[in-house]
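As they're listed, the protein sequences go chains A and B.
Using the working numbering, the first residue of the first sequence is number 1, and each one after it goes up by one.
Using the working numbering, the first residue of the second sequence is number 1001, and each one after it goes up by one.
A short worksheet on the structure shown next.
There are 2 protein chains.
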Amino acid sequence: MSDAARLLRLLSLLQTPREWPGSELAERLGVTSRTVRRDVDRLRDLGYPVEATMGALGGYRLGAGKAMPPLLLDDEEAVAIAVGLRTAARQPVAGIAEASLRALAKLQQVLPPRLARRVSSLTAATAASASPFASLVDPAQLTIIAGAVQARERVRFAYAAQEGVASKRHVEPVQLVALGRRWYLLAFDVERDDWRIFRLDRVSTAVATGARFAARVAPGGDATEYVTRKMYETAPTYRARATLRLPVELARARLADFAGDLSALDDDSCTWHSVEDTVDYLAFRLTSLGCDFTVQGPPELVEHLRVMGERITRSVDSL
Amino acid sequence: MSDAARLLRLLSLLQTPREWPGSELAERLGVTSRTVRRDVDRLRDLGYPVEATMGALGGYRLGAGKAMPPLLLDDEEAVAIAVGLRTAARQPVAGIAEASLRALAKLQQVLPPRLARRVSSLTAATAASASPFASLVDPAQLTIIAGAVQARERVRFAYAAQEGVASKRHVEPVQLVALGRRWYLLAFDVERDDWRIFRLDRVSTAVATGARFAARVAPGGDATEYVTRKMYETAPTYRARATLRLPVELARARLADFAGDLSALDDDSCTWHSVEDTVDYLAFRLTSLGCDFTVQGPPELVEHLRVMGERITRSVDSL
DNA sequence: CCGATATAGGACGGTATCTGTCCTATTTGG
DNA sequence: CCAAATAGGACAGATACCGTCCTATATCGG
């Protein structure tokens, strides 16, 4: 076993929550315990704080330092992380959505094929159950495009526009933007010679062509700002207005990052304003609050809730 | 920079989706390009397949091999993975739930404190929004106990039993078991000198004492099997029976791992049987199917749905 | 078809590093 | 107090590494 390999193996052992006595490490690594002590020193020099407890029953373990050490995962752990990241990508968390994708792309790149297969099948099996209104983005497309953005490679894909019109695209992908529960891609369309925004759940059969392109500055300088503005201008939006029979702090906690505008009416109720592009989702969030509420509008939401209420009442009133 | 440090730094660069020409790597690592070639060879000897494209515009990148290479994450990526794993722990996925926890424990152990703080605040901000019926387990408790299971350390915690009776426990934690959407801990209670099963969302202020204990064999040999049997015997369960106006394949897809027993009635409808310990959750899954349905029982579910239906109808019929 | 720019790898000498085998000091739990 | 654990100095022999040459080969663009 080479020098670097032994150091990595040691790091992997020390990342376990348990404590390792030096003698056992020496045996596993096939060296003397003096060398183990030297290896531990080396790791400390690299900035990874190996904690040691002295005395009988003592041992070594890796503690939290100032920088992330290399993570040494076994097969199952790698699969678990990949599945977790894929699920996270379907419900982007504000602030870390892009980092989450970068991590997924990095992992996907080095994931052995047999593990990648397990990830796919597990993702398929659990896709629908996580949340009925999570984004329908295919994680595979997301990964391909996230990789292409970083590698600055051109991408070809099929796009199903809003009216069901399909088209083939050839673009220079500049940035992925998570807006609410959807992913958008800001890209420069090579054939149309202009900027375009694509909704990722309408993208399919994406492939990176391998052709590199020069960095482009997004219109207006900031991609996130540009996509946000364009989407609010063009996409259909519903502005929900409702009164919730729930103290304002509780409502904020239950709605979390979906809170919208909340303001207290009295100690037991508050008003709520929120903007979304489907009434389904608005109705879903409202009904999962578990409290009484009154909806002021819009009419589409009222109608949708009326249908929902009738359906539920009808489902039981035969008894 | 030491030898091993340079190798790790190289590995970190090669994990990026982009391709790196040898000359640029040499510059970044502060060595000649001949040494870079030797380092690449070393990585290949370690089993990490560095892919190289020859010719002009060529370069190096890390490909998928037979084993997982050490993952070198930047701060944001590490936070994203931790948040993803915490979310995954709240909605355990059959088959990889334990691995998911192991990975989380491993990451938590080495996560720099400033990043750990960001993870906590992000988790708090998004806890409620993921799904209103996800498990209420505190990821911090979960991590502490998962670590103690692996390290075979005794744990003390406060436990709120079903009737609201609080108690302090001192146990030897043997295994965490994910059952449906809940986590259970099988442990040997030191003071009561017998096996006990704890629901993790009722555990608080857990601390590992540091005292080690000898490995124990779970009663019956298999912890998962034991916990499953005990829980079905003792925990309250509701057996939902309903007819769904949805083709059976579609229902299976939408319910995913929550499918229970589905059997086709005709081309457009099917019957559904499922067991859960709360009617809230049964009602939630039923109403998020987005189809007409008829509930046969149990009476508690019917009553719950009646309240839900009335609430929704009331919320709009003033208009 | 040719030149520019990549990867690939052999040979060699000087330098640095690493390992095992001693040794002693110190801490901790039973 | 004793056993077992971390901590680390000193030394000698072996090993590995690095830079500087060199040539071969593959690929893309003009």
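Think of the CB as a built atom: it goes at the ideal place given N, C-alpha and C, for glycine as much as any other residue.
Residue burial classification, residue i (beta-carbon count within 10 angstroms, cutoff 16)
i, result
"B:Gly1210", "exposed"
"B:Val1165", "exposed"
"B:Thr1287", "buried"
"A:Ser100", "buried"
"A:Asp257", "buried"
"A:Val217", "exposed"
"A:Pro139", "buried"
"B:Val1320", "This structure leaves residue 1320 of chain B out entirely; chain B is present only between 1001 and 1319."
"A:Arg229", "exposed"
"B:Tyr1232", "exposed"
"A:Ala162", "Note on residue identity: the sequence assigns Gln, not Ala, to residue 162 of chain A. It counts as exposed."
"B:Val1207", "exposed"
"A:Glu172", "buried"
"B:Ala1146", "buried"
"B:His1304", "buried"
"A:Thr27", "Per the sequence shown, residue 27 of chain A should be read as Glu rather than Thr. Label assigned to A:Glu27: exposed."
"A:Leu185", "buried"
"B:Thr1126", "buried"
"A:Asp3", "exposed"
"A:Asp41", "exposed"
"A:Pro299", "exposed"
"B:Thr1143", "buried"
"B:Arg1034", "exposed"
"A:Glu51", "exposed"
"A:Pro113", "exposed"
"B:Arg1196", "exposed"
"B:Ala1264", "exposed"
"B:Ser1321", "In the structure as shown, chain B begins at 1001 and stops at 1319. Residue 1321 of chain B is therefore absent and cannot be evaluated."
Which residues DSSP lists as bridging residue i, in chain order
i, result
"A:Leu244", "A:Cys270, A:Phe293"
"A:Ser263", "A:Thr271"
"A:Ala52", "A:Tyr60"
"A:Arg239", "A:Val275"
"A:Leu71", "B:Leu1071"
Runs of alpha helix (DSSP H) lying entirely within the segment 1127-1212 of chain B, each at least 4 residues, in chain order: 1139-1151
Quick one, which residues of the segment 76-92 of chain A are near chain B if we go by CB-CB under 7 Å, in chain order? Under the 7 Å Cβ criterion, the segment 76-92 of chain A contributes Glu76, Glu77, Ala78, Val79, Ala80, Ile81, Val83, Gly84, Leu85, Thr87, Ala88, Gln91.
Taking any Cβ of chain A, which residues in the segment 1243-1273 of chain B have a Cβ under 8 Å from it, in chain order? Ala1253, Arg1254, Leu1255, Ala1256, Asp1257, Phe1258
Three or more C-beta pairs closer than 8 Å, one from the segment 1106-1115 of chain B and one from the segment 137-153 of chain A: is that the case here? no
Below 8 Å, how does it come out for the segment 268-283 of chain A and the segment 235-247 of chain A: are there three or more Cβ pairs, yes or no? yes
Segment contact, 8 Å Cβ cut-off, at least three pairs: the segment 1057-1064 of chain B with the segment 1086-1094 of chain B: Cβ pair count under 8 Å is below three, so no.
Stretch pair the segment 66-83 of chain A + the segment 6-16 of chain A: three plus CB contacts closer than 8 Å: Verdict: yes, contact present.
Could you name the residues of the segment 172-186 of chain A whose beta carbon sits closer than 9 Å to any beta carbon of chain B, in the order they occur along the chain? none
Using 8 Å as the cut-off, can you tell me whether the segment 109-128 of chain A makes contact with the segment 186-194 of chain A, which would need three or more C-beta pairs spanning the two stretches below that distance? no
Contact the segment 1307-1317 of chain B vs the segment 287-300 of chain A: 3+ CB pairs below 8 Å: Touching, yes.
Examine the Cβ distances between the segment 240-254 of chain A and the segment 263-273 of chain A and report whether three or more of them are shorter than 8 Å. Of all C-beta pairs linking the segment 240-254 of chain A to the segment 263-273 of chain A, three or more are shorter than 8 Å, placing the two stretches in contact.
Where the segment 1096-1120 of chain B meets chain A: residues whose CB sits under 9 Å from a CB there: Ile1096, Ala1097, Glu1098, Ala1099, Ser1100, Leu1101, Arg1102, Ala1103, Leu1104, Ala1105, Lys1106, Leu1107, Gln1108, Gln1109, Val1110, Leu1111, Pro1112, Pro1113, Arg1114, Leu1115, Ala1116, Arg1118
Between the segment 1018-1046 of chain B and chain A, which residues of the former have a C-beta closer than 8 Å to a C-beta of the latter? Arg1018, Glu1019, Arg1042, Asp1045, Leu1046
Could you please tell me which residues of the segment 1187-1204 of chain B, in chain order, have their CB closer than 9 Å to any CB of chain A? If you check each beta-carbon in the segment 1187-1204 of chain B against every beta-carbon of chain A, none falls closer than 9 Å.
Interface positions of the segment 1145-1169 of chain B facing chain A (Cβ-Cβ less than 9 Å), listed along the chain: Residues Ala1146, Gly1147, Ala1148, Val1149, Gln1150, Ala1151, Arg1152, Glu1153.
For the segment 58-76 of chain A, which residues have a CB atom closer than 9 Å to at least one CB atom of chain B, in sequence order? Arg61, Leu62, Gly63, Ala64, Gly65, Lys66, Ala67, Met68, Pro69, Pro70, Leu71, Leu72, Leu73, Asp74, Asp75, Glu76
The segment 302-314 of chain A: which residues have C-beta closer than 8 Å to a C-beta of chain B, in chain order? Val302, Leu305, Arg306, Met308, Gly309, Glu310, Arg311, Ile312, Thr313, Arg314
What residue ranges within the segment 70-130 of chain A form continuous alpha helix (DSSP H) runs of no fewer than 4 residues, ordered along the chain? Residue ranges of uninterrupted alpha helix (DSSP H) with 4 or more members, entirely inside the segment 70-130 of chain A and ordered along the chain, are 75-90, 97-110, 113-126.
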